[in-house]
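Have a look at the structure below before the remarks.
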Amino acid sequence: AVRAQLHARAEQLLAGHRCRPVIPDNFHLTLYFMGDIPPDQARCATRAAELIRGQSFSLTLDGAGFFARPRVIWLGCRSVPQALQALAGALNEQLKTCNQAGEEHPYVPHMTIARKAHTPVVTAIDPVTWRVDTFTLVRSRKPPKKGYEVIGRWPLKP
């Protein structure tokens, strides 16, 4: 139901924009982007994620924004839940043990809904809220099997 709501918001927002929409099956909120890493770092990331003991939370996506580089339109939240900020911070710290440099910029929770956008979008949207009770480690798959592969999933405490 949440994915359908997000897809509806994305379609409304992207109408008339030159861009490449993300298919709803690929919607996700990034906690930390590792890039293309070797298998030993992927195993380390899995072990690091297993150590996280975050709290579940409600997340409301109520705004849209634009990153000029890499030209993406995204949905985000105007008020970041403390539990989400703590989860991203804990993951950032744990991944330093995996030869990840750590994020240099403040965490901006966002869900990419379009790539290769030609015009910026910054606006409020009708809110979409859902209960977040797990976090997931995924790997991007390259063509011909484009999409994401789940490596691991961990519960958050109620």
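Numbers in our numbering are just positions in the sequence shown, counted from 1, shifted up by 1. Beta carbons: idealized from backbone N, C-alpha and C, even for Gly.
Query                                                                                                                                                  : Result
Going by DSSP, what residue range makes up the beta strand (DSSP E) through glycine 77?                                                                : 73 to 77
In the DSSP assignment, the alpha helix (DSSP H) including leucine 30 goes from what residue to what residue?                                          : It is not in any alpha helix (DSSP H) - leucine 30 carries neither H nor E in the DSSP assignment.
Any contact of the region 23 to 34 with the region 98 to 113, i.e. 3+ C-beta pairs under 8 Å?                                                          : yes
Do the region 121 to 139 and the region 51 to 62 touch if we need at least three Cβ pairs shorter than 8 Å?                                            : yes
If I measure Cβ to Cβ from glycine 90 and keep anything under 8 Å in the same chain, skipping five residues before and after, which residues do I get? : Tyr108
When you compare the CB positions of alanine 46 and leucine 157, do they come within less than 8 Å of one another, or not?                             : no
Which partner residues of proline 156 appear in the DSSP bridge assignment?                                                                            : Thr135
Restricting to runs no shorter than 4 residues, where is the alpha helix (DSSP H) found entirely within the region 38 to 87?                           : 40 to 51
Using the C-alpha atoms, what's the distance from proline 144 back to alanine 49?                                                                      : 28 Å
Mind checking which residues open and close the beta strand (DSSP E) that includes glutamine 116?                                                      : Note that residue 116 is arginine in the sequence shown, not glutamine. Segment 111 to 116, the beta strand (DSSP E) holding arginine 116.
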